[in-house]
Amino acid sequence: MERYEILKDIGSGNFGVARLVRDIWTGELYAVKYIERGQKIDEHVQREIMNHRSLKHPNIIRFKEVLITPTHLAIVMEYAAGGELFERICNAGRFSEDEGRFFFQQLISGVSYCHSMQICHRDLKLENTLLDGSSAPRLKICDFGYSKAMNLQIPQNPIKLYVKKWLLTVLYLIFQSSVLHSQPK
Numbered sequence: 211m212e213r214y215e216i217l218k219d220i221g222s223g224n225f226g227v228a229r230l231v232r233d234i235w236t237g238e239l240y241a242v243k244y245i246e247r248g249q250k251i252d253e254h255v256q257r258e259i260m261n262h263r264s265l266k267h268p269n270i271i272r273f274k275e276v277l278i279t280p281t282h283l284a285i286v287m288e289y290a291a292g293g294e295l296f297e298r299i300c301n302a303g304r305f306s307e308d309e310g311r312f313f314f315q316q317l318i319s320g321v322s323y324c325h326s327m328q329i330c331h332r333d334l335k336l337e338n339t340l341l342d343g344s345s346a347p348r349l350k351i352c353d354f355g356y357s358k359a360m361n362l363q364i365p366q367n368p369i370k371l372y373v374k375k376w377l378l379t380v381l382y383l384i385f386q387s388s389v390l391h392s393q394p395k
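Written out as structure tokens, the structure reads:
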């Protein structure tokens, strides 16, 4: 960790603490998630590292490296100076249709890329979408602790797959119909 100068704490949660650091060789700013080391590294942390490091897309926080200290595991990643999308919505009160579309298109682009790489995020929420801090902020998806690599296998029995798809489609249509035809109480 001697390569990084700690500037300030920028967040905390169940995982530990996130800090803003400066690379003393390049001057670049990064966010570092510090996770206390224990008997075994938590499954979520392993998953986050494995899945996040394979993703390279403008709408996903860039993974840099993992460092190990005597007491902590440190995940170094891109710093999003604009903070959480959640904070921006709270401060703005609401978005115009154009601004909402601008952020939604970026979110869909990032999610679509994850899926093309066979990774499902599984914890998308406003707090896991950050902004890069530019004048036209770029949305960045972060926190891949609940993500899952999708191991797609060709089914042995195509009839069984067809029945499952058909059943899921029928269940989805029933759900949509109940939502469309339900009356507010």
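Numbering (our numbering), first residue to last: 211 to 395. We treat Cβ as the ideally placed atom computed from N, Cα and C, and that holds for glycine. Because the structure is a prediction, the values reported are computed rather than measured.
As a beta-bridge residue in DSSP terms, Cys-330 pairs with Lys-358.
Here the alpha carbons of Asn-261 and Arg-304 stand approximately 33 Å from one another. Sixteen is the threshold: since fewer than 16 other Cβ atoms of the shown chains lie within 10 Å of the Cβ of Met-360, the residue is exposed. Our two residues, His-325 and Ser-319, have alpha carbons roughly 10 Å apart in a direct line.
Leaving aside the five residues that flank Gly-355 on each side, the residues in its chain whose CB is nearer than 6 Å to its CB run, in chain order, His-254 and Glu-258.
The Cβ neighbour count for Leu-340, taken over all protein chains shown within 10 Å, is at least 16; the residue is labelled buried. Distances from the alpha-carbon of Glu-337 to those of Ser-345, Ile-351, Gln-328 and Gly-343 put Ile-351 closest.
With a 10 Å radius around the Cβ and a threshold of 16 neighbouring Cβ atoms, Gln-316 comes out buried. Of the residues assessed, Ala-302 falls on the exposed side of the cut-off, its CB having fewer than 16 other CB atoms within 10 angstroms. Assignment of beta-bridge partners to Ala-241 by DSSP yields Leu-230 and Met-287. Thr-339 is bridged by DSSP to Ile-351.
Annotation: Ile-220 to Phe-313 spans about 23 Å, alpha carbon to alpha carbon. Val-231 sits close to Tyr-214, with the two beta carbons spaced by under 8 Å. Contact between Met-287 and Tyr-240 holds: CB atoms are separated by about 7 Å, below the 8 Å threshold.
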